[in-house]
Amino acid sequence: MTDAQEPRPDGDAPSGAVHPAPRGLLSRWFEPVRLERDAPGEVAALAARGSLVFVMRSAGLLNFLYLRFFLRRHGLPPLRAAQGFPRAVAWVARIRSSRRAFREAVATGEASLVFLGRRPRRDPLPGLVLLQRSLPRPVFLVPVLLVWSRRAQKLRPSVWDVLFGAPEAPSAFANAIAFLRSYRQAFFEVGRPIELAARIAERPGDPDGSLARRVRGVLHQRLARAFRAAVGPPLKAPSRVREKVLRDRSLRATVDAVARESGRPRASVLADAEKDLLEIASRYDPVFVRIARALLTWVFGRLYTSVEVDEEGLARVKRAAVDAPLVFCPSHKSHVDYLVLSWLLYGHGMTPPHIAAGVNLAFWPIGAIARRGGAFFIRRKVKGDRVYTAVLRAYVKHLLRDRFPQEFYLEGGRSRTGKLLFPKTGLVSMEVDAWLDGAADDVVFVPVAIDYEKLIEASSYAKELSGAEKKKESLRGLLGVARILFRRYERLHVQFEEPISLKEAARARLGEGAADLSVDDSWAGEADRTASSLEPGSRSASAEAKRRLVQATANRIAYGISRAVTITPVGLVAAVLLSHVRRGIGASEVARRVELLRYVAAAGGARFSRDLQGAPSDPREPGPIADALRGLVRGGLARAETAAGETIYLVDDEKRPVLDYHRNAVIHRFVSPALVAAAARSAGPGAATQEVRAAALRLSRLFKLEFMYRVGARFDEIFDENLAFLARLRALSPDGGRVGPGAEDWILPFLSELVRPYVEAYFTTFRTAEALLPEGGDPVDRRILVKESMERLRAAFLSGELALRESISKATVENAVEWLVEQGLLGEDAGKVSRSGAEGLREALETLPRLPS
């Protein structure tokens, strides 16, 4: 397993300036301590600007010795003085501990150390504030945390805690034992510094003692939260969690309302709530997590060549964890998603999240195992079950209040197509309600993209998209998983996008109105609800504002995930091979198209896999593109033939849906120029710019369930940017209000072909709806409309009317039907659809561009 796969940062500063490890008795134990890659560089940057005062929670010789090792190891200013040490310990550590020595070290720009302690008899911080007032250089208070043990805290201390101290404040003996047992899993964190001069400038009239107390409080809080982020909140017994959740105010109001309306005894309704909670709740066990991680390290080592991790993004996430509870929102493409993020976070010194999983995975023994790993199970359909919904809301609120990190999948289920699915807002709404109810001061959502170069479920997804029924998860299916351990699935990529603060999002969207938002009133009975009104200040106006905030937040998260997706060699190659509608494509043409896609993606700020950086786009040269093509040929997804001295790559029709998954994983980076290209190509040479604009607008609205567009930008802005971009590529030539062909006449057809599968699938689905649902006719089950559309797609493909095999996609057909329902072109009642008008479907058909084969 490579270093990238095993999440153990190497500790190197960005400059790579790592000094030889200091020789000493403890060096062999200190060397394996895990460290964020950018930490030395950040400390070096602070040292260049001012004096460093490191801050630790409690005095400990091992803590001091490791900090001294860290500074020497990376060529940083050495420690010259420390405060908060007992004199005897300071003498053993050979460090000056007098106040005079401390002031001299700070004044001369050298590094020093302060142990906060619980009640220091001689607090050095007031003197430090006074000294800063006279110093020309800033003093940086840098909280640092050294965690030797991941032993979870408990509300009731164990015998070990009584004798040797709790995990957050262990005795010297307990610290030494933990050090000897766990030094290979230990980690060192550098927190966000406090610039003392800036704090003084904010409150220049405050006395030194008052400022010092404020700074001490902030430091205590940051270190305590960093420690909690590493080892987790204090664990409660399941009975205590159950009691706490069932006491929730909103849950009790729902129980009372349901009992009153149904005439049932309140105790009976409360018993249902308790039963629902048992179905939902996790039984998180840190010891089990530690054992499971060792097993997963071995499994991932067999499955994947490497796991490439966005170290910079992960460092941002760790800093955000100090300020607010985290909610991770990864893309969802594989069952491996449930495992990899928890494995990764634990290895980087963070508490694994509680994961919202579908109740379909709660079968024995997976359910029991997953609960111990932090999974809590939710039903996919809860409409009308107010008690269950209230219990789930109360449980989410409990997790947020206790600052457990959470993880849920915004898409709801796994994406069978490779694209990001349209966001579901249910759990986002619950997080917003819990925040409004005061469970936390803020909630931070973390978009995460998990990308696979070879997917374990690829063949089953292809069958489902072709119309086969999804197989239900079961123990029998689980037993068949062992065979995957004998295969290799290339690389796995994990990228973290910028965290999203719910408080800041609400303030930016609603301004002062954010304070008027109210918790969702779904727990209330029908008799308690007032008539709907959108008058300013009414409860329903607040509910509408909250609904819009939830949708906007979900869209921002989804867009963040799409921005974080890794552009992989196999994704680029798949996009090139499948966008060529003829029989085969030569190596030289592959090179030209891959180069274009890389340029388009880079212009949009895409993230590339590491091996693509500086690598050739030509498959005839050694590199990742050539490797990706060889892998596809070796896996039977493509063929390579040689004719007239050139290599020609071909994809058999029945293999295209599998390859389509990889194209869809990266297509979002090319959708905007592709839609403008399709609109311009359909409008014809020399079409008016406004005509192309209108066609592109219709396409973007038509495919709103397929692609995630840029959040916070108007259509006209995006269109103008992409029209100008295509002009720079010389694909188009805008002139005098018209759009003419450009010199690079191959680019427009190539880009527009990226959306052909969706055009063909939507066209056939609309035609099927027109034929199957005559105006005024009887309603038809939605599933029948989907099935008939799939049959007509097969017939059209076999007869040559449609060009692409991947157009036969159940997921795309279902989205097309959903679009017709949303637009009011089809009515739906109890799962049956009917025609709403004659003209609407014809107009929708005319919206689709005409792409020549």
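If you're matching positions, the sequence shown starts at 401 in my numbering and goes up one per residue.
Yeah, the Cβ is synthetic: ideal placement off N, Cα and C, and Gly gets one too.
- Counting only the Cα atoms, Ala1143 lies some 24 angstroms from Leu972.
- For Asp685, no beta strand (DSSP E) segment is defined, and its DSSP state is neither H nor E.
- With a cutoff of 7 angstroms on beta-carbon distance, Arg550 and Val631 are scored as near each other.
- Listed in chain order, the beta strand (DSSP E) runs fully inside the region 692–774 are 706–709, 726–730, 754–758, counting runs of at least 3 residues.
- Ala637 carries a coil assignment under DSSP once its states are collapsed to helix, strand and coil.
- For Ile1184, the enclosing alpha helix (DSSP H) stretches over residues 1182–1198.
- For the 7 angstroms CB-CB criterion, Met750 and Val796 do not form a contact.
- Residues Ser1189, Val1213, Ala1216 of the same chain have their beta carbon placed closer than 6 angstroms to that of Thr1165, with the five preceding and five following residues left out of the count.
- The distance from the Cβ of Asp851 to that of Leu978 is about 18 angstroms, inconsistent with a contact at the 8 angstroms cut-off.
- Of the candidates Leu1129, Ile594, Ser988, Ser988 places its Cα closest to the Cα of Ala1044.
- Between Glu674 and Arg642 the beta-carbon gap is near 7 angstroms, inside 8 angstroms, which marks them as a contact.
- In this structure, Leu800 and Ala840 form a Cβ contact; the two beta carbons are roughly 5 angstroms apart against a cut-off of 8 angstroms.
- Taking one beta carbon from each stretch, the region 1193–1211 and the region 1150–1164 have 3 or more pairs nearer than 8 angstroms; the two touch.
- Pairwise C-beta distances place the region 529–549 in contact with the region 595–604, as three or more of them are shorter than 8 angstroms.
- Taking one beta carbon from each stretch, the region 849–863 and the region 1049–1068 have 3 or more pairs nearer than 8 angstroms; the two touch.
- By the CB criterion at 7 angstroms, Thr697 and Ala1211 fall outside the cutoff.
- When DSSP reads this structure, Ala849 sits in a beta bridge with Gln895.
- Of the residues assessed, Leu513 falls on the buried side of the cut-off, its CB having 16 or more other CB atoms within 10 angstroms.
- Within the same chain, Phe896, Glu898, Pro899 come within 8 angstroms of Arg716 by CB-CB distance, once the 5 residues on both sides are set aside.
- Cα atoms of Val981 and Leu855: separation of roughly 25 angstroms, rounded to the nearest angstrom.
- Apart from sequence neighbours up to five positions away, the residues of its chain that approach Asp802 with a beta-carbon distance below 7 angstroms are Pro633, ordered along the chain.
- A distance below 7 angstroms between beta-carbons, with the five flanking residues on each side excluded, links Val1221 to the following residues of its chain, in chain order: Glu1228, Val1233.
- Remark: C-beta atoms of Val848 and Phe728 approach each other more closely than 7 angstroms.
- Straight-line measurement puts the Cα of Gly773 at about 21 angstroms from the Cα of Lys644.
- In terms of CA proximity to Gly609, Pro524 leads the group Met1108, Lys718, His754, Pro524.
- Boundaries of the beta strand (DSSP E) harbouring Leu513: 511–515, taken from the DSSP string.
- Following the DSSP letters along the chain, one finds Tyr1049 inside the beta strand (DSSP E) bounded by residues 1046–1050.
- Contact between Ala945 and Leu902 is ruled out by a C-beta separation of about 14 angstroms, above the 8 angstroms threshold.
- Scanning its chain for C-beta atoms nearer than 7 angstroms, with the 5 sequence neighbours on each side dropped, one finds around Ala490 the residues Ala482, Ser497, in chain order.
- Cβ-Cβ distances below 8 angstroms link Glu1106 to Lys819, Tyr1158, Thr1212, Asn1215 in the same chain, with the five nearest sequence neighbours on each side left out; the list follows chain order.
- Along the length of the region 1123–1147, whole beta strand (DSSP E) runs at least 3 residues long occupy 1132–1135, 1138–1141, reported in chain order.
- Membership of Glu1218 in the alpha helix (DSSP H) is indicated by the continuous run 1210–1222.
- Fully contained in the region 990–1048 are the following beta strand (DSSP E) runs of length 3 or more, in chain order: 1039–1043.
- In this structure, the straight-line span from the alpha carbon of Ala914 to that of Thr953 is close to 14 angstroms.
- Only buried fits Arg1081, as 16 or more other CB atoms lie within 10 angstroms of its CB.
- Of all alpha-carbon atoms in Glu708, Gly509, Arg468, Val453, the one lying nearest the alpha-carbon of Val615 is that of Val453.
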